[in-house]
Every structure is written in C-alpha cells, then in structure tokens.
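In this note's numbering, the protein residues as written are 102 to 674.
Every residue, glycine too, gets a C-beta built ideally from N, C-alpha and C.
No experiment lies behind these values; they were computed from the predicted model shown.
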Ligand SMILES: [Zn+2]
C-alpha cells in the first residue's frame, strides 16, 4: 500500500490534476481557487506545487492528491487509490494478481449479471407493466439499469457460458446450491435493482418479488438483497448514492427514503438529492458519509405507524451527528413513490416546505383538541419525547425543542426542564472524539478555522509567533498544545501551511493577522458566554422558576457581553 501511495504521488502532479476540477490562478509561488467544499466568493483554497498539498482557509479542508480525490469524488481511501491509478494508467501493487482474482471476478460477474437482467426485463411484458403502473419512466429505468430475474438457473447457465467459474458465481451470492446439489439462481421472478458502490460499479442487487407472475399464494419475502460478499458490505451501501452525491453536496441536504421505488420516483421528478436505505437500515457509517456533504436530513418514510417509529429511531441515530433533521408530511399518500406518481408538482412543493422532524412528531402526537384525557399515557408519552430531545447534541437546540413541546402539550416549560434534567444520561456515540483530542482534526467550527489561519501565520515568522503567544488563552485546547510544542508532529501541519503564507502579500497578511486576533477573542468569549448561559439555566431549574438569576452570574454575563461588543467595534473601525 505504501508503495502505491508513493507511486501515485510521483505520477500525478497535483496542480495538473486539480486543473481538471478547479480554475486555478497563480498567487506567488502558489495557486488559489474557489473552494469546491464550501460556499465562497473570494478564493481561500491554496495549492502549493512545491509541497504538493492543498489547504482551504475557509473551511479547514486540506491534504494531498489522494485526499482531494477522496473528498471530491466521495471515495474511501482504497477506492481513491484505484480511481487515481486508473486515471494515471498505473497498476497498483496492492491490487496485484491475488486481489484481482478475488475482487476482480466478483465485479465482472456483477457486471455480466446486470446485463443479463436488463435483457430479461426487455423481454418480459409483465415486469415492464409493473414498472409502468408504478409510474416509472423508461429513461429512469435505463439510467438505473433495472432488470428482471426470470429464475430457475437461467443466470447461472448464462454466466457459465460467459466463462465464469461456478465457485466465483456462488461467492458473488448470485447462485445457491440446493439440497439436491443443484445450482439455482438466488433471485427468482424478481424485479432487479442494481446496488452500486461510490464509483458506480455494481456490487449487489435487490430483488422485488412480482406476485403477479406466480400462481397461488406465495411465502416469498417481498424484498431480497444479495448476501454480504467481499465487495458488498450492507452497512456501507446506500442505494442511489453514486448518482446523487453531487446533488446532495450542492443542496447541502439529503432526502432519506425507505425503498428503491421511493428513490427512483423522487429522482424522476427532479428531487435528486436523495438516497434510499432500503434493506440495510441507517448506520453510523451512512450518517458520517452524508454529514460530509450535507447539514440537513429530510426524512420521508412510509406514512403509517411503522414509518413514524422508523422516523423516531432514525432521529435517535441522526441526533449524534449534528444534522438539522426535517420530516416530510406526505398527507394522504402512503409513501414518497405514491406521492410522486399521483402529484409530482405537489411532491416538490412538500419537499421544499418540510418542517423540523420534532415539529412533525409533536403535531402527530398532539393533534388539536384530540386529548383522550388519559393522564398516565400522556405522562409516558412526554417522557418518551423528552428522552428523544435529550439525545440532541446542541444544548441551544434542546432548549428550543422544550419550548416547542411546552406549546404543543400545554405543560409548562419549567416542569419539562426539570423532568429532563432528572433523566439519566444515556451514552450516545460521539463521532471522532478520541481522534479530535489526539490531533488537530478538520472541523467546521468557526473558532477552529480562525485558529488554523492564525497559527499558519504565526509559524511563518518569529514576530507573528511571539504576538500570537500573548493570546494563547483564547485558543482552543488542541491548538494550545501545538503552540507550546512547536516541534511536535501536530505542529508540522502549521509549519507546512506557513510556507504558503510566506509567498502571500505581507502587508495584507499583517492586516489579516490583526483581524484574526480580534476574531479569535470574540469567538472564545462567545463560547464562554454560552457556557454561562446553560449554567444559569440549570441553576434556575434546580431552584424553581421564580428564583432570581444569581447576581454573580449576571455580572459575569454582562461583563462578557461588554468585552465582546468592544472587540466587535474594533473590527468595524
Ligand atoms: Zn473550503
């Protein structure tokens, strides 16, 4: 692997590579561009040809050619290596004969099977009618390469004729050996939806059983997925993602639906920033992946009790990832696919008007005037909702949710607050916490972005370094560590970035440096003020609502506010 990385870096010149993605303009020894990873008008994406690295001072992203490919193309590390190797026309050592034999054949078998299924769909009027009745158009069917599995051993025979080894076909999960020792296709009388990886290679299939093709009752499961194989990991695949990832990044939001049909119908109507979690369920891996592209999740599950429960479950998982979560109100339609089929224009309107997920849930449980007066179940419901709220990461958001719940339920905010504060803390998985303490990780928090740029300048000259040192108390902890030990490995990043600074206009840098110092203080004081706010809230809850704020806290609070205002005035002048 290490040799492959060197080889790729040696063969691919970063600036040339980036030119196929971005418009680069010269800036001293470096190049500048508008960052593709966040919205901006003036370029803060810097490329250093000398060091073969890039860094964005606007959003904190940065790395080498492999890092860029991973981020831009949404690839995992090994996928990015493969992708770059294909572009540069090099053969990777780690993808040597052994691996090629193991994985390569599986990819090829899936490719051939997909072609077979497509031909079969073309021949099968029944399956075509089913799709037509569901409202799917030919273009969509072609684009997502839907197919039909006739069953028996048709596919197995086809693949053997194509020259594939029966062992490999079994390993690909497309054929099973039955009790009499005969090979039978896994998918029988099913519509076929190919599942692709990030780069669009087919890695598995979902088959939807077509009842209309079988006489009499059947106990077949409605949906059947490929089993896990060396190329198909259920918890990582997301249906439609290889097509929709760029749309998701552009919209900064993702529509999460249950079934493939929901996804396809949504895509067909022009709502393309969607994915389907069909069959696999939502995993932390999915959420982490999506979080890199979007900050809003719109949930659109089936419009029934099961769908609501699925929504609430997802909400718990999503809460740990700091998304804005919205939920779609499908009205009279049972699922997104039906909503699109019956009224595509209305569907688009509803997507645009989605409410926060909690508002959706509250309004479901507290329908106007529909109280059955059952106090016990109402209490249980409130506890349940408070538990959901407690899992929300941001304290500010928690507070506003409690305010909202008070409005819906008619129970006072104080009572709800004291109830929630007495609930035991459930551990929720927090992503990347350990990593964050270990090294300076890319973070979108404003104070970190300021600190990034500040430290890059600080490391570019002794004078800057000494001046920054005076403000060390305002830096986030991880940056202080870097500062105290400029020889540490964490500091290497800033040493590297500082070389970019040295070729920029020094007069401008000097001005920027002054502004950054002020911005840093403002952000740090704001954080302190926020902490104080939640502390005072907690105290109020403990003492009861009528209690006055502690004079000591209030004085601290106003002192902080005054310092922030003073600093803000200095930025303006
Ligand atoms: Zn950026």
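So what does DSSP say about residue i, is it helix, strand or coil?
i           : result
residue 145 : coil
residue 374 : coil
residue 364 : helix
residue 562 : coil
residue 133 : strand
residue 408 : helix
residue 292 : strand
residue 529 : Note that residue 529 scores 44 on pLDDT, short of 50, meaning its location in the model is unreliable and no value can be drawn from it.
residue 126 : strand
residue 156 : strand
residue 308 : strand
residue 340 : strand
residue 325 : strand
residue 264 : coil
residue 615 : helix
residue 382 : coil
residue 121 : coil
residue 493 : coil
residue 589 : coil
residue 107 : helix
residue 465 : helix
residue 539 : Because the pLDDT at residue 539 is just 28, under 50, the model does not fix this residue reliably, and the point stays unresolved.
residue 435 : coil
residue 281 : coil
residue 534 : Any reading at residue 534 needs caution, since the residue's pLDDT is 33, under 50, leaving its predicted position unreliable; the model's value is listed next. Note: residue 534 maps to helix in three-state DSSP.
residue 524 : coil
residue 655 : helix
residue 572 : coil
residue 502 : helix
residue 113 : coil
residue 178 : helix
residue 482 : helix
residue 607 : helix
residue 138 : coil
residue 170 : helix
residue 393 : coil
residue 512 : coil
If you compare alpha carbons, which of the options is closest to residue i?
i           : options               : result
residue 439 : 388, 365, 489 and 413 : 365
residue 437 : 515, 358, 193 and 495 : 358
residue 162 : 151, 147, 457 and 652 : 147
residue 392 : 420, 411 and 402      : 420
residue 503 : 495, 517 and 492      : 517
residue 671 : 626, 660 and 620      : 620
residue 217 : 288, 205, 464 and 492 : 288
residue 467 : 550, 556, 113 and 486 : 486
residue 428 : 414, 417, 405 and 459 : 459
residue 551 : 613, 500, 594 and 582 : 613
residue 253 : 320, 285 and 607      : 285
residue 403 : 277, 121 and 432      : 432
residue 304 : 211, 340, 631 and 114 : 211
residue 605 : 268, 133, 223 and 118 : 133
residue 350 : 360, 333 and 396      : 396
residue 121 : 166, 337, 492 and 617 : 166
residue 150 : 601, 481 and 221      : 601
residue 597 : 225, 268, 290 and 560 : 560
Using DSSP's beta-bridge definition, name the partner residues of residue i.
i           : result
residue 427 : 399 and 457
residue 286 : 276
residue 330 : 333
residue 303 : 297
residue 357 : 376 and 400
residue 250 : 291
residue 190 : Per DSSP, none; premise fails for residue 190.
residue 163 : 156
So, under 8 Å CB-CB, residue i and residue j are touching, yes? Tell me the CB distance rounded to an integer number of Å.
i           : j           : result
residue 370 : residue 449 : 6 Å
residue 514 : residue 507 : 4 Å
residue 376 : residue 176 : So it is not a contact: roughly 16 Å between Cβ atoms.
residue 583 : residue 591 : 5 Å
residue 665 : residue 627 : 6 Å
residue 430 : residue 461 : 6 Å
residue 558 : residue 625 : With 8 Å as the limit, residue 558 and residue 625 do not qualify as a contact, their Cβ atoms being about 17 Å apart.
residue 246 : residue 215 : 6 Å
So with Cβ pairs under 9 Å, would you call residue i a contact of chain B?
i           : result
residue 504 : No chain B appears in this structure, which consists of one protein chain only.
Pocket of ligand 1 defined by Cβ to heavy atom distance under 7 Å: With 7 Å as the limit, the residues whose C-beta approaches any heavy atom of ligand 1 more closely are 136, 138, 139, 141, 145, 146, 157, 159, 160 and 162, in sequence along the chain.
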